[in-house]
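Quick note, the sequence shown lines up with residues 1 to 238 if you use the UniProt record's numbering.
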Amino acid sequence: MATLSIKGVRKSFGSVEVLHNIDLELEDGGFLVLLGPSGCGKSTLLSIIAGLEPSSGGDVVIGDRTVNDVHPKDRNIAMVFQSYALYPTMSVRRNIGFGLEMRRVDTSSREDAIARAADLLQISHLLDRKPGQLSGGQRQRVAMGRAIVRNPDLFLFDEPLSNLDAKLRVEMRTEIKRLHDRLGTSVVYVTHDQVEAMTLGTKVAVMKGGVIQQLADPQTIYEKPANMFVAGFIGSPT
Ligand code: ADP
Ligand code: MG
């Protein structure tokens with residue numbers, strides 16, 4: 001079964017169409033990477049999936065529900081951005097559980113969910129700290145903890161590692177892969193980084209100018225690029 005289907009999605013800002021007739025499918029438990037240069041429409045597509053931006057046409061289907069008119073908070077998705085705004089005055093524990101607190105989840109279920117997420121992310125020893133006392137990588141783990149406790153059907157990541165230095169980026173890439181293996185939750189992951197895309201994705205959609213140039217598994221994209229743009233962008237041997 002498909003977790004996510006995108007059918008003929010278009011998006012215009014004013015008279016400029018920035019997404020042209022996008023079709024995508026992500027199978028249950030898959031890891032779909034949207035890869036392409038800056039400005040190609042990755043974040044816009046992710047925002048449409050999240051419901052933060054209306055499309056100008058087409059359908060977004062999550063599970064068996066067409067969600068075009070469904071409010072973001074009722075789509076059962078969790079999003080992690082590059083600028084992960086943690087609440088500076090709250091402890092890590094409360095940052096992770098705040099969404100559940102807002103939804104009036106009772107204290108003991110909330111504590112259980114926080115403990116599980118913290119264990120998974122190996123940040124149990126940091127729960128009483130404030131964000132200001134954490135490194136960049138630790139803050140990123142807290143941001144992921146916040147997403148995990150919501151137990152979503154789908155994770156959406158928008159360049160979550162682009163503010164980290166090279167060494168941390170590799171570490172967190174491994175961490176995201178491990179989490180995906182452990183949780184088995186479907187992911188849509190936006191990046192302009194080819195290596196990130198090829199190491200994380202079970203499927204990669206290479207985009208340019210609001211059009212998907214190729215949608216395939218990483219090996220196929222590398223060995224059989226659909227066109228010159230894909231070959232050049234991926235750095236395939238030609
Ligand atoms: P990416 O995430 O791949 O860098 P974006 O989805 O942010 O690309 O942007 C795709 C195109 O849409 C760009 O040309 C960008 O300038 C334009 N765009 C994005 N958001 C808006 C907006 N709110 N208003 C007008 N144009 C926008
Ligand atoms: Mg973007």
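Every residue, glycine too, gets a C-beta built ideally from N, C-alpha and C.
Neighbourhood of serine 55 by C-beta, 6 Å cutoff - its chain only, sequence neighbours within 5 removed:
For this step, residue 55 is matched to residue 55 along the sequence shown. Result list for serine 55: Val9, Lys11, Ile48, in chain order.
Contact check, alanine 115 vs isoleucine 148 under 8 Å by CB: the rounded distance?
As a first step, residue 115 is located in the sequence shown; it is residue number 115 there, counting from the start. As a first step, residue 148 is located in the sequence shown; it is residue number 148 there, counting from the start. Not quite, the Cβ-Cβ distance comes to about 12 Å (not below 8 Å), so this is no contact.
Using the three-state DSSP reduction, which class does glycine 57 fall into: helix, strand or coil?
In the sequence shown, counting from the first residue as 1, residue 57 sits at position 57. Strand, per DSSP.
Could you please give me the residues that DSSP links to isoleucine 123 through a beta bridge?
Reading the sequence shown from its first residue, position 123 is the one you call residue 123. In the DSSP output, where bridge partners are listed per residue, isoleucine 123 has none listed.
Simplified DSSP assignment, three categories, for valine 149:
As a working mapping, residue 149 is identified with position 149 in the sequence shown. If DSSP states are grouped into helix, strand and coil, valine 149 belongs with coil.
Helix, strand or coil, according to DSSP, for alanine 50 in the structure here?
Stepping through the sequence shown from its first residue, residue 50 is reached at position 50. Correct three-state label for alanine 50: helix.
Burial state of residue 264, where buried means 16 or more other Cβ atoms lie within 10 Å:
Outside the displayed span of the chain (1 to 238) sits residue 264, for which this structure offers no information.
What does DSSP give as the partner residue(s) for glutamate 25 in the beta ladder?
Sequence index remark: in the sequence shown, residue 25 carries index 25 (1-based). DSSP, once it has assigned bridges, lists Ser5 as partnering glutamate 25.
Report all residues for which the CB-ligand distance to some heavy atom of the ligand ADP is below 5 Å; order them along the chain.
Phe13, Val18, Ser38, Gly39, Cys40, Gly41, Lys42, Ser43, Thr44
Identified DSSP bridge partners for glutamine 214
If you number the sequence shown from 1, residue 214 lands on position 214. Answer is Val206.
Taking DSSP's pairing of strands, which residues face leucine 32 in a bridge?
In the sequence shown, counting from the first residue as 1, residue 32 sits at position 32. Paired residues: Val188, Lys203.
Quick check: the Cα distance between isoleucine 176 and phenylalanine 155, rounded to an integer number of angstroms?
In the sequence shown, counting from the first residue as 1, residue 176 sits at position 176. In the sequence shown, counting from the first residue as 1, residue 155 sits at position 155. One C-alpha to the other measures close to 11 Å.
Taking C-alpha atoms, which residue in Asn21, Glu111, Phe31 lies nearest to aspartate 181?
Translated into the one-based positions of the sequence shown, residue 181 becomes position 181. Among Asn21, Glu111, Phe31, the Cα nearest to that of aspartate 181 belongs to Phe31.
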